[in-house]
Every structure is written in C-alpha cells, then in structure tokens.
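J.: Chains as they are written, first to last, in this note's numbering: chain G, 5 to 267; chain P, 3 to 356; chain V, 89 to 380. We treat Cβ as the ideally placed atom computed from N, Cα and C, and that holds for glycine. I am attaching a structure below and will ask some questions about it afterwards.
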Amino acid sequence: MESKKTILELNKVSMHFGGLTAVDELSLDVKEGEIVGLIGPNGAGKTTVFNCVTQFYKEYTGDIYFQNHDGDQVDLRDYKVTDIAKLGLIRTFQNVELVKDLSILDNLLIGAHHHYETGIIQHILHTKKARSEEKRMKEKAYEILKFLKIYEIKDFYVAGQPYGILKKIEIARTLMSDPKLIILDEPAAGLNDQETDELETLIHQIRENYHTTILLIEHDMGFVMNICDRVCAINFGKFLAMDIPKNIQKNPSVQEAYLGKDE
Amino acid sequence: MNVKFLTKIEELLGPFSAKLRKHPNLTFVVFGLLLCLVALLPHLGLMNFGTMSIIAYITIYAVTALGLNILLGFSGLISLGTAGFVGAGALGTAVFIEMGLPFELAVVLVLTISGSIGALIGLFSLKVEGIYLAIATLFVGEILRQIYTQVPIFGGNSIQIDGGIKLLGFIELSQIFKEQRSMLFVLLVIIMVLMMIAMNNIIKSKTGRALLAMSRSEHAAQAMGISLLKYRLTAFVLATLFATVGGIMYAMYFQTIPTTSWSLDLSLFIIAMVVVGGFKSIYGTFLGAFIIHGIPNLILKDLLGDISYIFSGVLIILVIIFYPNGFVYIWVDIKKGYSKLKKRLQKDVTTDGK
Amino acid sequence: MSDLFGIIFNSLETGSVYALAALGIVLIFRTSKTTNFAQGMIGTFNAYIAAYVMLSLGWSIWIVALLALVTAFLTGIIIDTFIIRPASKVNAISKQIITLGIIMVIVGLLPKIFGVASFQLPRFIASEYSLDIFGATLFYNTIFVIVLSLTLMGGMFMFIQHTKWGLATRVTASDETTSKLMGVPTKRVTMISWATAAMLGTLAALFVAPRVSVYGNMLLTVQISAFFAGTLGGFSTFFGPVVGAYIIAFSRNFTQFYISDIWGNVMVYTLILVFLYFKPYGLFGKKPTKKV
Ligand SMILES: Nc1ncnc2c1ncn2[C@@H]1O[C@H](COP(=O)(O)OP(=O)(O)OP(=O)(O)O)[C@@H](O)[C@H]1O
Ligand SMILES: [Mg+2]
Chain G
5 MESKKTILEL NKVSMHFGGL TAVDELSLDV KEGEIVGLIG PNGAGKTTVF NCVTQFYKEY
65 TGDIYFQNHD GDQVDLRDYK VTDIAKLGLI RTFQNVELVK DLSILDNLLI GAHHHYETGI
125 IQHILHTKKA RSEEKRMKEK AYEILKFLKI YEIKDFYVAG QPYGILKKIE IARTLMSDPK
185 LIILDEPAAG LNDQETDELE TLIHQIRENY HTTILLIEHD MGFVMNICDR VCAINFGKFL
245 AMDIPKNIQK NPSVQEAYLG KDE
Chain P
3 MNVKFLTKIE ELLGPFSAKL RKHPNLTFVV FGLLLCLVAL LPHLGLMNFG TMSIIAYITI
63 YAVTALGLNI LLGFSGLISL GTAGFVGAGA LGTAVFIEMG LPFELAVVLV LTISGSIGAL
123 IGLFSLKVEG IYLAIATLFV GEILRQIYTQ VPIFGGNSIQ IDGGIKLLGF IELSQIFKEQ
183 RSMLFVLLVI IMVLMMIAMN NIIKSKTGRA LLAMSRSEHA AQAMGISLLK YRLTAFVLAT
243 LFATVGGIMY AMYFQTIPTT SWSLDLSLFI IAMVVVGGFK SIYGTFLGAF IIHGIPNLIL
303 KDLLGDISYI FSGVLIILVI IFYPNGFVYI WVDIKKGYSK LKKRLQKDVT TDGK
Chain V
89 MSDLFGIIFN SLETGSVYAL AALGIVLIFR TSKTTNFAQG MIGTFNAYIA AYVMLSLGWS
149 IWIVALLALV TAFLTGIIID TFIIRPASKV NAISKQIITL GIIMVIVGLL PKIFGVASFQ
209 LPRFIASEYS LDIFGATLFY NTIFVIVLSL TLMGGMFMFI QHTKWGLATR VTASDETTSK
269 LMGVPTKRVT MISWATAAML GTLAALFVAP RVSVYGNMLL TVQISAFFAG TLGGFSTFFG
329 PVVGAYIIAF SRNFTQFYIS DIWGNVMVYT LILVFLYFKP YGLFGKKPTK KV
C-alpha cells in the first residue's frame, strides 16, 4: 500500500459560506487502487469536500491535486467543472440525479459524453463515423449493464425504477467515462440490507475489473468498515483522523464526534 | 371481433412496423410521401387551393414548433420570441431576393443572421433564467417586430417576391401559377421531412441526451462533462434555425410576406403546438400544428362559424389538463386499452374452451 | 418646458397603468407559478362589460366601473376554479399555454356577446377639468389615475406586509407545499389572487380606455409592458415591478420624444436586456440559492 502513488491529494482545503466554515483546513490523500471512506456527522462538510474536488465550488482555499492519465499531478483548480470528467474523475450525487425520461441505456450513454469525437453536423447527417461511434458506445454500455446485472431492463425508462436500481444506474454511468477515481456520495443511502451487501461486493468488483480508485461518503458504518481500506473522519469541516477502519472505530475524537461529549 | 382476428392483423403489420422501428427516419419519408398527395388533390377537383395553403401553413408551423420543442421539451428553456425568427426567415429571404441575390445565398445569409442572434440569446441564457429569460426573449421578439414594421426596407405593410422563387438559378416557381403552387407545396413537405429527420438524428444523438441531462439535472450534466455554455448555445441556435427555416418556407410558398404578423400571438400559438401536440415528440409536434392551426381552419370554421375560436381555446385547455405532456401521448393510452382488450378477449376464449 | 412636463405627467399616468397590470402578473406568478398571458384579455373583457352597460343603460362611468370590478372579481374566481385548479399539477410551460387558451376563449366570446363594434369609455373626470403647469396640461383625470393607483398599490403592500391574509399570500408564494402543510388556505389564497389580479387588469383597462377606445387588443401594449416591468423590477418582490413600470413608462416616453419615435422602444428594450445580463433577477430580485 505505502508504495502506491497518490491519486488525489487535498492540502489544507477550506471552504466558507458566508460566516459558516463548511470545510476547515482539511488535508487528506487517496492512493491509487484504494477504497477510502469519508465519514462525519450530518452537516460535517463531506458533500462540500466533493463539490470542491469536482470544482463545483471554485472559491475554496488550499490546493487539490489529482493524478491525470499521464501520471502527472495537476492542480484541479486549473480545470473547469465540465473538464473534470475528462481527467478521469467522476462523481455521483447524494440525491439520485438521473434523466428520468430517458431509457437506462441512454442514461449510461450520457456518462460517455466526453468520449464522443463526432459533432452535431455528423449526427444530423448520420455519417458512418457517427453511427459506428454510437454503436461502440452502446456495446460498452451493454457490457457494463451486464456486469451490473441490469442489461435486461436497459430499454426501460428510468422513471418508475426502484431505488436500488437507480443507484446502480448511477454507478453504471460513472463507469462509462473510464474513471480513474470514482467518488460516491452516500451510495448505500436508502438501500435495504441485502442491497447494501450486494453493493459491497459490487464496489470491490469495480475496483478489480475497472482498475479504479474509490472515494465514498457513507453514513452506514458497517458498510464503511467492511469495505474501506482507509477512512477519513471529519467534523465541522475539520480533520479528525485518517486510518484503517479498525483504528477509526477506536479513535476517541471520532467517537466523541458521533456520540457527543460525555460531561 | 376475436383474438384471432387481432393477432392476424398484428401478424400482417408486424414486418412493417419492425422495419419502421429499425429505421425511424423511413417513417418520416413515408409520411411525407402521403402528404405530397395533397398537392394533387386540387388538380383533381377534390380540394381547393385554400385548403392546400392551410396545410402548407401546418408544415411551416410544424418545422417552427420542432425547433421550439428542442427548447421546451429537451432543454427546459422557453422562448417567447419565436415569431420574430419566423419573420426573420420570411422577410429576410424576401429582402435579399429583392436585392437581387440568388435564392440559395439569401437562405444562407438569413440563417447565418438568425443563428447568430440565437447564439447571443444562448449566451444570455447562461446568466438569466426562468421567467426572466422567457421575457428577455419577448424583448428580442418585440425588437424584431418593431424593426420589421418600422424599417422601410421591409416594405411597410408587406413585401413581395416579384416573379417567384428561382431555385438553383433556373427552376422558377411562382405562387401565381397553380401547378407551380403545387410544386411549392411538395417542396415544403420535402423540407419538413428533412427537418424531421434532422431533428430525429439530433435528439437520438449525444446532443439530444446532453440537452436532456442539462435540463433535468444541471449539476450531474456538468459532472459528466456537459458544458452548459455549449448546449445552451446549441439549443437556442437550433431553435432559431428551425424557426427561420419555417420563415423561409413561408417566403417560398406565399411569396407575399406581411410585416405585422410576427408578434407575441404567433409565438404563443407555436408554443401551444408543442404543448398540445407533445413535448419531445416529432409527430406530436406535427399533431400540435394540426390541432392548433388545422382543426380550427379546416374543420371548425365551416362547422361552427365564428365560435371556432372559443372552441379552439377550450380544446387547448382540455388537452393540457388531460394530456399535460401532449395529445400524442394518447397513443400510450390506446396501446394500453388495446392490450387490455386483447387480454379480455383471450380470457373469453379460454373460458369458452372449457 | 411644457413638453417636459407633458411627458412627465403622461409617463406617470401610463406608468400607473403598467404598474397595476404588473402587480396582477406578479401576484399570479407568485401564487400559481405561471405567467398569465390572459391578464390583459381578462381586463379587456370586463372593460367591455362596463362600456356595454354604459351604452345600453346610460349609467355613469363610476357605477359601470364598480360593476366591472365586481364582474372582474367573479371572472377571476371562475377562471381559478374551473381552469387553473384542475391544472395545478400541469408543468409550468403548459400552464402558460392554458392562459393562451383563456385568451382565445375570451377573444371568441367578445363579438358573440358585445358585437363587433368597438366601444368608448369616458374619463372618470371629464377633460375640461385641468390645470396648466408650465404650459403643460394636467388633467384632473390624470391626477386621479395616478393617485388612485398609488393609493391602491400602497394599500396592497400594507395588506400583504401586515395582515394575516397578506402573510398567507407571501408564504404561499414562497412555498406552496409547506404552506399547505402548515394550514395556510393556499387554495383560497390562489383564488383571491386571481380575483385581485383580474380586478387590477380591469382597472388598467378602464384607465387606458379613454385613450384607445375599448377593443380586443386594447391592453396589448400594457400587457407586454407589464411583463417587462416585472422583469426589470424583479418578480421576487411586489414593489419591484411597480418601480419597473414607472421606469419603463418614463424611459419609453422620453426616448420616443427626444430621440426617435421608431427607435425609442428598441433602445429601451435593448438597454433593459443589457441591464438584465448584469442583474439577472431584476432591480430588487434576489438570486435563489441553489445547492449542489
Ligand atoms: N451552497 C451552500 N450554501 C450555504 N451553506 C451550505 C451550502 N452547502 C452546504 N452548506 C452548509 O455547509 C455545511 C456542510 O454541508 P454538507 O452538505 O457538506 O454536509 P454533509 O457532511 O454532506 O452532510 P450530510 O451528511 O447531511 O449530507 C452545512 O452546514 C450546510 O448547511
Ligand atoms: Mg452530504
């Protein structure tokens, strides 16, 4: 583990909303191939961290570095929010954010958006290149859908699908972009026990099959402890500890953050 | 009626519908061919030319409304300035032709100008949203309307293309001669079919999906690498281009273009076509144009006389209340009803068998 | 000098009319989440009633105006009950088109009920009563229109700010679902809003009628200007659009007089567009907070 390269590094990142400090001088790193959990009580600033990393918020202070496809460290601040996916960094959202009035397959194709090389003129003219590209993307999507065992329902609309399926579609969509690092905002929220177990296996499989690194926010402690190589705990935007799950569980400041201080 | 009968029909139609489903663009061509037959009817004495003009209007509005559907149905954006761009297409073509430019060049120029204004609105839409954007497009429409009615180059009340349209420099088509009018009609249908195919190709491509993603979940779209700038521009440019093509069609067919018709009323009617016909649906858009323009003018006027306007209003209200996504989605209900009917008939058969 | 004052008086009067119409539009926008394109036509319809009754029964303008306000109130309630409420689940764009349907119904009804001729309505105070200020004529009627509009609007603001009903309107406007859960009678608030908006539109119609006569499109300019006023002032407050209305009236009149009759409007509209680019939610509007 130690020898692995750092894929994502936060260096003293802070983010303020008016008077509120949502993230406070947070530093952490994620190494290639790791599954890292980011935990903290409600409102601790976890989602805000993700929003800074993916450049939805640009007003943060400190630095966020990412290792690009060439293996170089780049400062994410230099990238627009819409260029982050191209770097191989892709995220999901706390609330499922899918296009409900498109089929599951089409939702996956949205995930491959930045891989398309043909433009609108070629699409209008339905050129050979455009068709073969579309076909290629669809085949890629089929593979992922089969991997996630939702191939059979690929042509159904997203609207009306059960919650567990929606979460799967979101994960499938991230895979379409050939991610190096997937960041998941509460992937297990709203899932039942069986689905959560299934998700655990799935995330492991994703790491193996797609050679990705995973950073996730999750409130389900059992899930986090089972799945993560390392866990970072924060509270009020401040770093508390980062360690292997077993040690995090025992860490007094983490316990205090979750249980409140005993007087 | 029994199940066997239904299954037989299904078997008969099966290969066709499978083929059409595989090549959706083929359906537009078939549709266009059928519509072209209308051009013959007046010559056989089965229809008068006035009726053909009403259908010509429908094709023009259908094309215009298709563009608007890109905004309303796919991009979650609205424009109240559509009429201004139809006017730009119609008046612009006429002005350029009257200046002595060849038809094709006039078309290219008009499209370029409109498209640029569309791009400006797209840029604008990155800053201004919701009702503010809607009314901003109304400003644009009003500015265009003022220009059309006030600037002398547009001829005051109307401008006429003398001598008709000259295609490729030698095919002259004038509204005055009946045969040529029918040919113009066929030309409109061809343009409409081409625009439908273009639309279908767009919405089934990455562009269509990106527009939907942008409107349904802006943040997720951005995280997926979809640039709001690019797709807002795309949406507005496409919508204005379609509207302008509608205007060009108007100029081609009618060849006398009024300056005063391009106001908010028309924009609202075109929105109504999308809303009543069907969001996101190409045939729905045509259906909308038919319901809003065709039904009152082809049927109600003769049937009900001057209360046709009231009836159309009521129709719009009712359709929206009962089919909020457009009347074309009645198809879904028909399909449901059909499978229910089939199931019931099947049950009858099995119980009879016992 | 006389020109200048003439323009000022004129702008104050048209501004008041725009403001009344704009207020009606904001009220509907805030409570029903729709842009009411039919506002002008509803006002027109009731102005027709006033003019028709006046012509056939010879009643005074004051009485027919009151009558028109009553019928306006009823029109609003009918429209809300039979059209808007059944469509409450319809998306925002479709709802706007419903108001287009309403326009078509009214446009169809007008000649059926009142015939095809246009009507006249006199000023509330006849034009022989006027003042002379620096050479410009100031009709008492103009003063009446301005003062009554300002008083009414002032009263409405007080009402919205300080009464239980006003509070109910404001909370319905900001979040209907929550308000409903909190026991606010959102249905009644919406209904009264439609009734009030119809009355405001009718008042606007009665005020412009002497200048343009009573005909189908008599409120077209007012209606469009009211939309512009709402955008300029911002739809998130009730007073913003009123301020916007006066600004539009003044700038339009001044540019038309001093620059060009044709290009005055175009200039004003373009300027407002540029302004909007930098203040996308109008003069007083606030950007709604969006969370990722
Ligand atoms: N756009 C914003 N504007 C203002 N305050 C915000 C914004 N986004 C988040 N906050 C505030 O910042 C703090 C951290 O929020 P954040 O959403 O990051 O928490 P979280 O750890 O993801 O919580 P949860 O577990 O509930 O999802 C909260 O107090 C929240 O109210
Ligand atoms: Mg969160």
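#1: Write down the C-beta distance between Thr-84 (chain P) and Thr-66 (chain P) rounded to the nearest angstrom, noting that I regard them as a contact closer than 8 Å.
#2: Compare the C-beta of Arg-211 (chain P) with all C-beta atoms of chain G and state if any pair is closer than 8 Å.
#3: State yes or no: is the C-beta of Phe-21 (chain G) nearer than 7 Å to some heavy atom of ligand 1?
#4: Which class does Lys-268 (chain V) belong to by DSSP, given the choice of helix, strand or coil?
#5: Counting only Cβ pairs nearer than 7 Å, list the residues of chain P close to Arg-95 (chain G).
#6: To the nearest angstrom, how far is it from the Cα of Ile-293 (chain P) to the Cα of Phe-281 (chain P)?
#7: Could you list which residues in chain P have their beta carbon closer than 9 Å to that of Tyr-357 (chain V), in chain order?
#8: Using the rule of at least 16 other Cβ atoms within 10 Å of the residue's Cβ for burial, across every protein chain shown, is Ala-26 (chain G) buried or exposed?
#9: For the segment 107-130 of chain V, which residues have a beta carbon sitting closer than 7 Å to at least one beta carbon of chain P?
#10: Return the Cβ separation of Ile-228 (chain P) and His-117 (chain G) in integer angstroms, given the expectation that the two are a contact with Cβ distance under 8 Å.
#11: Note down the Cα distance separating Ile-173 (chain P) from Val-32 (chain P), rounded to an integer number of angstroms.
#12: Which bits of chain P does Tyr-369 (chain V) rub up against, with CB to CB less than 7 Å?
#13: On a Cα-Cα basis, can you pick out the residue from V:Phe-323, V:Gly-103 and V:Ala-285 that is closest to Gln-133 (chain P)?
#14: Check the C-beta distance from Leu-74 (chain P) over to Ile-137 (chain P) and give it rounded, since I have them as a contact under 8 Å.
#15: Select from V:Asn-229, V:Thr-102 and V:Leu-359 the residue whose C-alpha is nearest the C-alpha of Thr-319 (chain V).
#16: According to the neighbour-count rule (16 or more other Cβ atoms, all chains shown, within 10 Å of its Cβ), is His-215 (chain G) buried or exposed?
#17: Would you list the residues sitting across from Thr-10 (chain G) in a DSSP beta bridge?
#18: Please list the partners that Arg-203 (chain P) has in chain G, where partner means a Cβ-to-Cβ separation under 8 Å.
#19: Would you say Asn-179 (chain V) faces chain P, with C-beta separation under 8 Å as the test?
#20: Please tell me whether, using a cut-off of 7 Å, the distance from the CB of Thr-58 (chain G) to the nearest non-hydrogen atom of ligand 2 is below it.
#21: Do the segment 108-116 of chain V and the segment 279-287 of chain V touch if we need at least three Cβ pairs shorter than 8 Å?
#22: Examine the Cβ distances between the segment 100-108 of chain V and the segment 330-339 of chain V and report whether three or more of them are shorter than 8 Å.
#23: Is Phe-160 (chain G) close to chain P, meaning its C-beta is less than 8 Å from at least one C-beta of that chain?
#24: For ligand 2, is there any heavy atom lying closer than 7 Å to the beta carbon of Lys-171 (chain G)?
#25: Quick check on the DSSP output: the alpha helix (DSSP H) that includes Ser-182 (chain V) runs from which residue to which?
#26: Ligand 2 and Lys-50 (chain G): does the residue's C-beta get closer than 7 Å to at least one heavy atom of that ligand?
#27: Chain G partners of Leu-200 (chain P), CB-CB under 8 Å?
#28: Could you tell me if the beta carbon of Ile-221 (chain G) falls within a distance shorter than 7 Å of some heavy atom in ligand 2?
#29: Which residue marks the beginning of the alpha helix (DSSP H) containing Met-246 (chain G), and which one marks its end?
#30: With a threshold of 7 Å, establish whether the CB of Asp-224 (chain G) neighbours any heavy atom of ligand 2.
#31: Is the segment 90-101 of chain V in contact with the segment 271-283 of chain V, if contact means three or more CB pairs nearer than 8 Å?
#32: Tell me whether the segment 179-189 of chain G and the segment 51-68 of chain G touch, counting them as touching only if at least three CB pairs, one residue from each stretch, are closer than 8 Å.
#33: Report the CB separation of Asn-27 (chain P) from Asn-202 (chain P) in whole angstroms; it is logged as a contact under 8 Å.
#34: Look at Gly-279 (chain P) and Gly-328 (chain P) and say whether their C-beta atoms are less than 8 Å apart.
#35: Find out if the Cβ-Cβ distance for the pair Tyr-255 (chain P), Leu-190 (chain P) is shorter than 8 Å.
#36: May I ask you to list the residues that DSSP assigns as paired with Ser-18 (chain G)?
T.: So, from the data block:
#1: 6 Å
#2: yes
#3: yes
#4: helix
#5: Ala-225
#6: 14 Å
#7: Phe-141, Val-142, Glu-144, Ile-145 and Gln-148
#8: buried
#9: Phe-117, Thr-123 and Phe-125
#10: 6 Å
#11: 26 Å
#12: Tyr-134
#13: For the sequence presented, residue 133 (chain P) should be read as Ile rather than Gln. Considering only alpha carbons, the answer is V:Phe-323.
#14: Between Ile-137 (chain P) and Leu-74 (chain P) the Cβ distance is about 16 Å, and since that is not below 8 Å, they are no contact.
#15: V:Leu-359
#16: exposed
#17: G:Lys-35
#18: Per the sequence presented here, residue 203 (chain P) reads as Asn, with Arg not at that position. Ordered by position in chain G, the residues that pass the 8 Å Cβ test against Asn-203 (chain P) are His-127, Ile-128, Leu-129 and His-130.
#19: yes
#20: no
#21: yes
#22: yes
#23: no
#24: no
#25: 180-202
#26: yes
#27: At residue 200 (chain P) the sequence reads Ala, which differs from the Leu that was named. In chain order: Ile-128.
#28: yes
#29: Run containing Met-246 (chain G): none in the alpha helix (DSSP H); it sits in the beta strand (DSSP E), 242-247.
#30: no
#31: no
#32: yes
#33: 6 Å
#34: yes
#35: yes
#36: G:Thr-65
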